[in-house]
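Inspection log for the structure reproduced underneath, given as structure tokens.
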Amino acid sequence: MISPWVIVSAAIGYLGLLFAVAFWGDRRSLAGRSLVANPWVYSLSLGVYCSAWTFYGSVGRAASGGIAFLPVYLGPTLAFSLAWILLRKIVRISKHERITSIADFLASRYGKSSRLGALVAGAAVIGVVPYIALQLKAISSTFLLLVRGSGRDLGTDLAFDRTSFVVAAVLAVFAILFGTRKLDVTERHEGMVTAIAFESVVKLVAFLAVGLWVTYGLHSGPQDLFRKAAARPDLAGLLTFQGPWDSWLWILGLSFLAVILLPRQFQIAVVENTNERHLRKASWQFPLYLLIINLFVLPIALAGRLQFPNPAIDADTYVLSLPLAFGQNSLALIVFLGGLSASTGMVIVESVALSTMISNELVFPLLLRSALGGPDPNLGARLLFVRRLSILLILGAGQFYLYSTHAEGSLVSLGLISFAAVAQFAPSLIAGLYWRGATHRGAFAGLIGGLAVWAYTLPVPAYVASGTSALASMLSDGPFGIGWLRPHELFGVSGLDPISHSLFWSLLLNCGLLLAVSSYRQQSAIEHAQARRFVDVFRRRSETTEVPLWSAATPVAAIRSLLERFLGAERTARALNRFSASRGFDLEKVVFADGNLIAYAERLLAGTTGAASARVALASVAQERELSVGELMLLVDETSKVIATSRALEEKSRALERTSLELRRANERLLELDRLKDDFLATMAHELRTPLTSIRAFAEILHDHPELELTKQRQFLEIVLHENERLTRLINQVLDLAKIESGEGLAGREEIALEEMVAEAVGSFAGVVELRKIELEVRCPAECPRVEVVRDRIVQVLVNLLSNALKYCRPAGWIAVDVAERAGVVEIAVADDGPGVPESERRSVFERFRQVGVLGAGDRHGIGLGLSICHEVVVGHGGRIWVESSERGGARFVFTLPALPATEHRVRPEAATAAESQA
Amino acid sequence: MSHRILIVDDEPNIVVSLEFLLTQSGYDLRVAHDGESALRLASDFHPHLVLLDVMLPGIDGFEVCRRLRQLPQIPKVVLLTARDREAERLKGLDLGADLYVTKPFSTRDLLGQVANLLAGGAG
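If you read the protein sequences in the order shown, they are chains A and B. Numbering of the first sequence is given in numbering that gives the first Met the number 0, commencing with residue 0 and proceeding in unit increments. Numbering of the second sequence is given in numbering that gives the first Met the number 0, commencing with residue 0 and proceeding in unit increments.
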């Protein structure tokens, strides 16, 4: 038992501290050293997700379902660690459009529709009020628990109602102070965010404190605790993974969506986000926070079950009951403050977010037209008033809900009903981010359908079940006895728990209607423009490229005075100066605002009033240029046409580059060929003119010097004859080459044994070979292959190769002619023991007039075209020719010819007899 | 004092004919068969005139011609070549050759041009 005054002063003291933190946060922000610029503050403020539900309810859930409490935290973990790209897109869009809430986001996306904004705001308020009631219940019941020192059920107590009323009133005042303290209404509240981050730390510390005490003070460590629990048959089941798995999955998905879509989460994660990069950090910091705060849930739950066998003690209160039962009053007070911080954090942010929605999406669109016409110079103040009133109404509604239903059911189930309501925003949100074709009507129809199913399957049965109304029978028999309309078993689908069942049908209908209606009806011009701004947010380069939706003929003064009515003179002047500075003109000298300035003013207003109201407000001074869809499509088309053209141009230029590269290569090849031709001609001229020069010179000498002695005369005449021969040979070779190249020289093939041609070629050198004492080997297989060739040409190749070999082999050297057949190819080689052909020249020796470097001057007659002719002949016969090293280090010229099919010459009688006789 | 002439050609038969003719005319002769030995000989022999084939193994005639210009006593240079393109002729003259003779040439004309050059004329 703790004196109520101690508790109240502790609570008031804590709230005061919170207020100081918020004040400090605002001061730092004004001084330009914003605390919110720190990613840790962002991640901690996201911890507002952990409300009283987490603080008290998780233990309650774990006490009956073991680790079934976990999916609610795994969902957000997945959302932040995996889906931060989705979040980044939402944040980017919200910064561009100065989004104030989830309702504003959807309204803005779907053509700045005030109808849709109102629907989403209304749904959010209705969906979240039970959740707020839950926080009030948590604070009130824990307060009474502390005061009375025991955990009796407090639900129907008069004291409870009084307490909760006071709590609601205090929280309302507090939320008003926090969220609507400043007169200049903006979408961001840095002080509040700082305070929320602080609260996240407080509740974490409080929960860890009680967790550590339970685990290490009450028991000797987790092993001890788990061992004791395992020994109890009714608790052992809590330690194992248990299904139903499908409801695990549904709750995982549900909490994944809720952590983005709950008004307070959207407020903190998106609207209050100051830096996109914080999302990257939060992707591990926030899951880490969730992990730490859940560490001791199961130990506390188990300890509670062990300690209180009496089921009258609500498991949701174990966190407090345990310290109280052991007289740990100060620890209990700390836990109460932790729970208070979890609840107040949630209530403050939620009510600020909801009041923004109510004022911007529900109230203002109705009031705006008349207010704009009225004399009130400060509409911002009026907006603020509406918000304060909204906060009071929200908390009043929460209190009323609590009073009328006593918030029957556990903390967790109440929370899940709220989750399921905001999950209805998911289809429109996700389609709005990625599908340009999603329309306002589609989103509206989907939301209406989804929310209707949600209401019918979750809150209505809960209400019916709690009352004593005559309708109670609809749960078991269906309304009016229609069985397939039973709220928990629609269309006879049974076996799902109520949450999964509701989600299944509501999201199915929601998505179905969104898709069907969007596909059926065309978008209006403004819808189309907004769809593009949202879906293509990362593609947008600058504001200047946007489609002008406002006519330019609006006086700057009118815009200025409109802004001043909402933002005040000072902020208006600052914002307009920033704009004119960035555009580089003096606004004082401009009479009419251009489309860009009006669009800027609209976004500026949207940050305060929401997109839908901003549009209405601006329409009071500026002429909206109602672009027809056709006109808009034209603009869109032109943009895409420009993109397509530039792509085509890029493609063309790449193609041109390729072509130019090919041309350059072709040109290089041509130049190379030209150079080769020039070389050929020059060498040809040289080869022809050199013998001619000698012949002429000696003819002139012999003619001019008749007195020459006879031996000299004979010597000179021999030179003339020799040079003449050389010339003749060269001319014959050139003619041969030309003939072979034209194909004419390779006509008249006959089938012939290689042996025969080798013998003929070798025979023509018999005299020289003998004279120079050269060892000439002919190595032919027993059955010498036959080929179909132009006999004289192949003989010519052999003669050329042999004559080269003779020229280069050593004195009294060695020459070998090899014939071999393998794989359908006959291979003929002529080897010598001369200097050989260097590796680098082995390819070029077959080019015309190419002479191997080792040749001595004056010893090169006849080689110029010989190998070229060999090459042409062999290739003309379908063979290859190359040079390699011989076994004795000299050159080995090898050429191949296609062999005749084996069967063909096997059957020849003479071949057969030859083979027999040799065998 | 007879004029010194250096014959540079890798074609033995052409060398033989030039050797015969120029000896007959009373010149002091040396023969080189490639560019390297031609340059070596030129720096010892100090020829008044060089008969220089363009297509030589190793250093070609154009290069030999260029380097001959760096000698202390620059000899007259007659380029003998089978290449008759105008560009090549200009290249030879540009490199400092005094005369560009295309093969096959008349030995009589060549002798006359050599004599003329040695006498200080322009060939």
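We put the beta carbon where it would ideally sit given N, CA and C, even for glycine.
**Report entry** Contacting residues, own chain, Cβ-Cβ under 7 Å from A/Ala208 (five flanking each side not counted)
**Finding:** Leu330 and Ile333
Query - Meets three-Cβ-pair contact criterion under 8 Å: the segment 775-786 of chain A and the segment 748-765 of chain A - result: Short answer: they touch.
**Report entry** Contact with chain B by A/Glu759, beta-carbon distance below 8 Å
**Finding:** no
Query raised in the report: Just by C-beta distance, which residues in the segment 811-844 of chain A are closer than 7 Å to chain B?
Result: none
Report task. Please say whether A/Leu508 and A/Gly441 have beta carbons closer to each other than 8 Å? Result -> no
**Report entry** Within-8 Å CB hit, A/Leu675 to chain B
**Finding:** No - not a single Cβ of chain B is within 8 Å of the one on A/Leu675.
Query raised in the report: Looking only at C-alpha atoms, which of A/Val35, A/Phe177, A/Ser113 and A/Ile347 sits nearest to A/His277?
Result: Checking every option, the nearest Cα to that of A/His277 belongs to A/Val35.
Report task. Pull up the distance between the alpha-carbon of B/Leu20 and that of A/Ala765, whole angstroms please. Result -> 40 Å
Query - Proximal residues of chain B, C-beta to C-beta of A/Thr895 below 8 Å - result: Those within 8 Å of A/Thr895 in chain B number zero; the least Cβ separation is about 33 Å.
Query raised in the report: A/Lys227 and A/Leu321 look like a contact to me (Cβ under 8 Å); what is the Cβ gap, rounded to whole Å?
Result: Not quite, the Cβ-Cβ distance comes to about 14 Å (not below 8 Å), so this is no contact.
**Report entry** Distance CB(A/Ser358)-CB(A/Leu392) smaller than 8 Å
**Finding:** no
Query - A/Arg695 classed as buried or exposed, judged by whether at least 16 other C-beta atoms fall within 10 angstroms - result: buried
Requested in this report: Return the first residue and the last residue of the beta strand (DSSP E) that B/Tyr125 is part of.
Outcome: Chain B is shown only over 0 to 122; residue 125 of chain B falls outside these bounds and no answer can be derived.
Requested in this report: Could you tell me whether the segment 55-70 of chain A touches the segment 271-289 of chain A, where touching means 3 or more Cβ pairs closer than 8 Å?
Outcome: no
Query raised in the report: When burial is assigned at 16 or more other CB atoms within 10 Å of the CB, is A/Phe845 buried or exposed?
Result: buried
Requested in this report: Return the chain-ordered ranges of every alpha helix (DSSP H) run that is complete within the segment 221-247 of chain A and spans a minimum of 4 residues.
Outcome: Listed in chain order, they are 232-235.
Query raised in the report: Interface residues of chain A around B/Arg82 at Cβ under 8 Å?
Result: Ala681, Ala684 and His685
Query raised in the report: Applying a beta-carbon distance threshold of less than 8 Å, which residues of chain B neighbour A/Leu691?
Result: Lys102 and Pro103
Requested in this report: Label A/Arg657 either buried or exposed according to how many other C-beta atoms from any shown protein chain fall within 10 Å of its C-beta, with 16 as the threshold for buried.
Outcome: exposed
Report task. Return the CA-CA distance between A/Val534 and A/Lys88, expressed in angstroms with no decimal places. Result -> 9 Å
Query raised in the report: Cα separation between A/Thr895 and A/Val825?
Result: 5 Å
Report task. Give the DSSP-derived three-state secondary structure of A/Leu153 in the structure shown. Result -> Reliability of the predicted coordinates at A/Leu153 is poor, the pLDDT of 47 falling under 50, and the value obtained from them is presented with this limitation in mind. Coil at A/Leu153, not helix or strand.
Query raised in the report: Do the segment 74-94 of chain A and the segment 230-237 of chain A meet, that is, are 3 or more Cβ pairs less than 8 Å apart?
Result: no
Query raised in the report: Using a threshold of 7 Å, is the CB atom of A/Leu392 nearer than that to any non-hydrogen atom of the ligand SAH?
Result: As presented, the structure is devoid of all ligands, the ligand SAH included, so that no description of it is given.
Report task. Please check the pair A/Ile827 and A/Val818, which I expect to be a contact at CB under 8 Å, by giving their CB distance rounded to whole angstroms. Result -> With a contact defined as Cβ atoms closer than 8 Å, A/Ile827 and A/Val818 qualify at about 5 Å.
Query raised in the report: Are the C-beta of A/Ala665 and some C-beta of chain B separated by less than 8 Å?
Result: no
Query - C-alpha distance - A/Leu729 paired with A/Leu687, whole-angstrom precision - result: Approximately 8 Å, taken between the alpha carbons.
Query raised in the report: Excluding the five sequence neighbours on either side, which residues of its own chain have a C-beta within less than 8 Å of the C-beta of A/Phe715, listed in chain order?
Result: Phe697, Ile700, Leu701 and Leu707
Requested in this report: In angstroms with no decimal places, state the Cα-to-Cα distance between A/Gly823 and A/Ala898.
Outcome: 5 Å
Query raised in the report: Buried or exposed: which applies to A/Lys202, given that a residue is buried once 16 or more other Cβ atoms fall within 10 Å of its Cβ?
Result: In summary, A/Lys202 is buried, with 16 or more beta-carbon neighbours lying within 10 Å of its beta-carbon over all protein chains present.
Query raised in the report: Taking A/Tyr22 as the reference, which of A/Val767, A/Thr193 and A/Ser693 has the closest Cα?
Result: The sequence as given places Phe at residue 22 of chain A; Tyr does not occur at that position. Comparing Cα-Cα distances from A/Phe22 to each of A/Val767, A/Thr193 and A/Ser693, the minimum goes to A/Thr193.
Requested in this report: Below 8 Å CB to CB, which residues in the same chain sit around A/Gly395 once its five sequence neighbours on both sides are set aside?
Outcome: Ala167 and Ala171
Query raised in the report: Beta-carbon of A/Glu919 versus every beta-carbon of chain B: anything under 8 Å?
Result: Lying outside 0 to 918, the shown extent of chain A, residue 919 of chain A is not represented and no answer is given.
Query raised in the report: Which residues in chain A sit within 8 Å of B/Val7, going by Cβ to Cβ distance?
Result: The premise fails here: B/Val7 is roughly 11 Å from chain A at the closest Cβ pair, so nothing lies under 8 Å.
Query raised in the report: Under a CB-based cut-off of 8 Å, is B/Leu117 close to chain A?
Result: no
Query raised in the report: With 8 Å set as the bound, which would you pick, yes or no: does the beta-carbon of B/Leu98 sit closer than that to a beta-carbon of chain A?
Result: no
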